[in-house]
Amino acid sequence: MITIIKQIWVLPHRTPPAGVIMTNSMSFRSWVTIITLILLALVVYFGRHEIVRAFHLLGHVNPWILALIIPVQLLSYYATGGMIFSYLRSKGNLKGTSHWAITRMALELNFVNHIIPSGGAAGFSYLGWVLSRFGVSAGRATMAQIVRFTIGFGSFIVLLLVAVASLAYDHHVSRAVIIITSSLTAAALLLFALSIYIIGNHRRLDKFSTWLTRSVNKVISFFTRGRKKDTLKKATIEPFFVQLHDDFNQIRADKRILIKPFIWGLVMNICDVALLSVAFMSLGFWVNPATLFVAFGVSGAASIFSVTPGGAGLYEAIMIAFLASAGVHPAEAIAGTLLARVCLLLGTIVFGYIFYQMTIVKYGKRPTNS
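Following the numbering used here, the numbering of the sequence shown begins with 592 at its first residue and continues without gaps.
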């Protein structure tokens, strides 16, 4: 729901927020990050010999295999754009927009999420702002991104369950993998059920919008020390929720709308895990895809709470720890994870920044904080 609140907050504005909220006290995410960094420092100290070996392994990278990261990463962004593109096309939007333009938006979205540590909320608002330049309403843009998140995570869970089932069949699955897989699945189903419960009923949605308006205004008033009391108006967000409710009812009436986004979600998740596989294979190591699927999911979920750009530090620490606990040699886990992350971040930041600046120049002001 945090991402929806971020999207609503930018409705009265014509430029997207950067997703940064200044507070006078440390947040939960700040404490999580500090504790993680302390634990990471301890891991680095006690595992310093393995880290040295990992850096030696990086000197044996096969550049031809590593180069496969580029086309796989492009296909991943193409699939991410396809999830949004196919849904909006089915609603009559973006008829004259090429798939490449949506792929570029997906790259910009990922760039913003990596640069601004907001748990995905900054990119959520940014993409809504860009889509508004193509005539997509705020409510529909939000629904498109909800579809991207839910279908993307749903397709990931499907692939994860298949991978774990194959490991269980071969008796190579650990209790930790089963527990983590079950937790991720339960969290996804709970969030999905809660969203449907609220969005699927007009009365509940109206009550939620009333509660949301009051809560957001109280938070803003608290952090501004009473200088801004009624920043968010219910009359402003009502059309947003009406559009959201209507789109949901149309999806419920014709579930075939979600078939193409689901297929693109499968492609996206396969590509994301394939990127990790390519990095490890370039070092001469093979890691079971099922293990990588779980490590990818756990690291991504944990990085939401990080205040560092792109979850840097926390993401790598969780992934390395999980891979090591799953039987991957610590030095190999460190080398493969760092190699994959550096390559992916470089591609995202370099190309994402270029396209991001081109969009800002084309459509006006640079996004500002709110």
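Here a beta-carbon is modelled for each residue, glycine too, at the ideal position from N, C-alpha and C.
Of the residues the options, the one placed nearest residue i, counting alpha carbons only
i, options, result
"E699", "Y669, L685, Y678", "Y669"
"L914", "T939, Y944, L883, K953", "L883"
"H651", "F876, G672, F839", "F876"
"N704", "L751, Y944, L722, A779", "Y944"
"V889", "I850, S774, N840, N792", "S774"
"L750", "I737, A658, A865, I660", "A865"
"Q664", "V952, N860, T733", "N860"
"V833", "N792, W691, I693", "N792"
"G891", "A777, V807, A735, F744", "F744"
"E964", "L867, V878, L782", "Outside the shown range of the chain (592 to 961) lies residue 964, about which nothing can therefore be said."
"G687", "V727, V753, I660, V807", "V727"
"P654", "M872, I842, F887", "M872"
"I660", "H920, F942, D863", "D863"
"R731", "D838, Y760, A777, A759", "D838"
"Q736", "Y760, T801, I693, I748", "I693"
"R843", "Y788, W691, Y760, I771", "Y788"
"S786", "F942, P921, M734, Q841", "M734"
"V919", "V941, N879, W691, A754", "N879"
"I769", "M949, R805, V755", "V755"
"F887", "I771, W691, A759, H690", "I771"
Backbone secondary structure at residue i - three-state DSSP
i, result
"D845", "coil"
"K798", "helix"
"S873", "helix"
"L803", "helix"
"T688", "coil"
"T878", "Here residue 878 turns out to be Val, not Thr, going by the sequence shown. The answer is coil: DSSP assigns V878 none of H, G, I, E or B."
"A917", "coil"
"S723", "helix"
"S728", "coil"
"V889", "helix"
"N701", "helix"
"Q736", "helix"
"N808", "helix"
"G856", "helix"
"V864", "helix"
"N840", "helix"
"G791", "coil"
"V652", "coil"
"T959", "Because the pLDDT at T959 is just 46, under 50, the model does not fix this residue reliably, and the point stays unresolved."
"F619", "Legend: pLDDT at F619 = 49, less than 50; position of this residue unreliable, value from coordinates given subsequently. Helix at F619."
Enclosing alpha helix (DSSP H) for residue i [first to last residue]
i, result
"T950", "921 to 954"
"S667", "660 to 681"
Check whether residue i and residue j have beta carbons under 9 Å apart
i, j, result
"H836", "L803", "no"
"M696", "L718", "yes"
"F946", "F725", "no"
"A881", "S757", "yes"
"I675", "R766", "no"
"V858", "G673", "yes"
"I656", "V885", "no"
"L874", "G927", "yes"
"A924", "I911", "yes"
"T741", "F799", "no"
"S677", "W855", "yes"
"Y954", "V810", "no"
"A729", "I748", "no"
Would you check if there are 3 or more beta carbon pairs closer than 8 Å linking the region 934 to 954 to the region 681 to 688? no
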